[in-house]
Amino acid sequence: MENRNIIDRHPVLHKIYHDSFLSGLLHFVKQAAIFVKYKYRAAIQYLLSVPRELGFKDSRFLPLKTYKDKYKGKRCFITCTGPSLTISDLEMLEGEYVFGMNSIALIHDKTSWKPDFYGIQDSCVFHKLKDNIFSTDNGVIFAPYSYRKKYNTPSSWIYWHMCGAYHLYEMIYPMKYFAKYSNDCYTRIYDGYTITYSIIQLATYMGFDEIYLLGADCSYMGKKQHFIETGHYDPGFMHAGDRLYASYRVAKEYAEKNNIKIFNATRGGCLELFQRVKLEEIIAKQEKNKTYQ
Numbered sequence: 001m002e003n004r005n006i007i008d009r010h011p012v013l014h015k016i017y018h019d020s021f022l023s024g025l026l027h028f029v030k031q032a033a034i035f036v037k038y039k040y041r042a043a044i045q046y047l048l049s050v051p052r053e054l055g056f057k058d059s060r061f062l063p064l065k066t067y068k069d070k071y072k073g074k075r076c077f078i079t080c081t082g083p084s085l086t087i088s089d090l091e092m093l094e095g096e097y098v099f100g101m102n103s104i105a106l107i108h109d110k111t112s113w114k115p116d117f118y119g120i121q122d123s124c125v126f127h128k129l130k131d132n133i134f135s136t137d138n139g140v141i142f143a144p145y146s147y148r149k150k151y152n153t154p155s156s157w158i159y160w161h162m163c164g165a166y167h168l169y170e171m172i173y174p175m176k177y178f179a180k181y182s183n184d185c186y187t188r189i190y191d192g193y194t195i196t197y198s199i200i201q202l203a204t205y206m207g208f209d210e211i212y213l214l215g216a217d218c219s220y221m222g223k224k225q226h227f228i229e230t231g232h233y234d235p236g237f238m239h240a241g242d243r244l245y246a247s248y249r250v251a252k253e254y255a256e257k258n259n260i261k262i263f264n265a266t267r268g269g270c271l272e273l274f275q276r277v278k279l280e281e282i283i284a285k286q287e288k289n290k291t292y293q
């Protein structure tokens with residue numbers, strides 16, 4: 001009941017909206033209001049990032065700028081949290097630059113492995129994992145700056161400016177998903193329905209030119225939906241694959257135009273957009289890894 005909107009909670013309003021001669025007009029007004037609301041929010045988010053784009057310094061995001069091209073010519077692994085991921089896979093990544101995310105913070109009592117970098121942006125997931133994130137070593141943590149204000153997260157975290165409202169009004173147009181890609185994470189990062197997309201933007205900004213996705217199953221239809229379940233389930237999971245593909249296509253286009261290679265090292269899953277590779281074969285080739293000179 002709590003999740004129903006005000007129209008559906010009140011029988012009279014529900015009848016007027018759905019069953020009266022005003023239904024068509026009211027529906028149009030509602031959809032137009034949603035469109036304007038998110039267009040306005042998207043414009044504000046973008047305008048707040050423009051001064052950095054014009055060269056003005058912003059102390060909130062300067063730590064992020066120090067990572068620009070820091071790992072140029074290296075490779076990295078992005079460990080998504082799909083059900084195919086295993087702890088043994090993670091332990092194979094010693095000697096590699098690795099980004100973790102979300103429920104990766106739950107494995108530290110099961111292995112000595114830890115990521116070099118860690119990203120989180122979903123508030124619901126953060127609330128379920130914050131105790132684990134604060135009490136374990138997850139490497140350098142990246143998050144939207146809103147976390148610093150809303151949750152008083154540590155100043156040692158690296159923060160980015162999130163532009164996410166630009167596609168939220170798509171609720172008016174079901175199944176029409178799209179994304180934008182940022183080539184300057186100091187200025188802004190565009191939301192793409194998943195923390196993985198934000199991390200891909202970070203990885204290319206940091207100079208990595210070979211990116212391997214691991215545990216990117218891109219499907220949430222089985223009984224097990226994550227590497228380690230957190231108890232958070234997105235009601236839009238049935239369309240998650242479509243949303244992810246919309247973002248990944250944009251990431252692939254950016255990569256191809258900038259001589260960056262993105263591969264899928266996931267065991268199984270349904271993400272066929274990126275070339276499939278075998279994790280063991282990539283690990284055996286040490287060129288571009290953390291230890292290669």
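Mapping to the numbering used here: the sequence shown position 106 is 106, numbers consecutive. Heads up, the beta-carbon is just placed ideally off N, CA and C, and yes, glycines get one too.
Beta-carbon to beta-carbon, Lys288 and Glu210 are separated by about 6 Å, close enough to satisfy the 8 Å threshold. C-alpha of Gly119 to C-alpha of Met162: approximately 13 Å in a straight line. When DSSP states are grouped into helix, strand and coil, Gly24 belongs to the helix group. Cβ-Cβ separation between Phe142 and Phe117: approximately 6 Å, consistent with a contact (criterion under 8 Å). In the three-state reduction of the DSSP assignment, Met206 falls in the coil class, being assigned neither a helical nor a strand state. Per DSSP, the unbroken beta strand (DSSP E) holding Phe77 starts and ends at Arg75 to Thr79. Inter-residue distance for Tyr159 and Gly100 is about 16 Å (C-alpha atoms, whole angstroms). Annotated three-state conformation of Tyr145 is coil, per DSSP. Asn264 is bridged by DSSP to Leu213 and Arg276. No Cβ-Cβ contact shorter than 7 Å links Gly95 with Lys252.
Taken in chain order, the complete alpha helix (DSSP H) segments of 4 residues or longer contained in the region 86 to 123 are 87 to 91. In this structure, DSSP gives Tyr159 an extended state, which the three-state scheme calls strand. In the three-state reduction of the DSSP assignment, Tyr186 falls in the coil class. Within the same chain, Cβ atoms closer than 7 Å to the Cβ of Thr111 are found at Ile87, Leu90 and Glu91, the five residues on either side in sequence being excluded.
Under a 10 Å Cβ-count criterion, Asn264 is classified as buried, with 16 or more other Cβ atoms of the shown protein chains found around its own Cβ. When the Cα atoms are used, Asn258 and His27 turn out to be separated by approximately 44 Å. Looking from the CA of Leu202, the closest CA among Gly24, Ala33, Asp69 and Leu93 belongs to Asp69.
Distance between Ile282 and Val98, taken at the CA atoms: about 14 Å.
Taking Ile189 as reference, the option from Glu53, Ser84, Lys261 and Lys30 with the minimal CA-CA separation is Glu53.
Beta-carbon to beta-carbon, Ala216 and Cys80 are separated by about 4 Å, close enough to satisfy the 8 Å threshold. Beyond the five residues adjoining it in sequence on each side, Leu244 comes within less than 7 Å, by CB distance, of Tyr193, Thr194 and Cys218 in the same chain, given in chain order. Nearest to Lys128 by C-alpha distance, out of Ser146, Tyr212 and Asn102, is Asn102.
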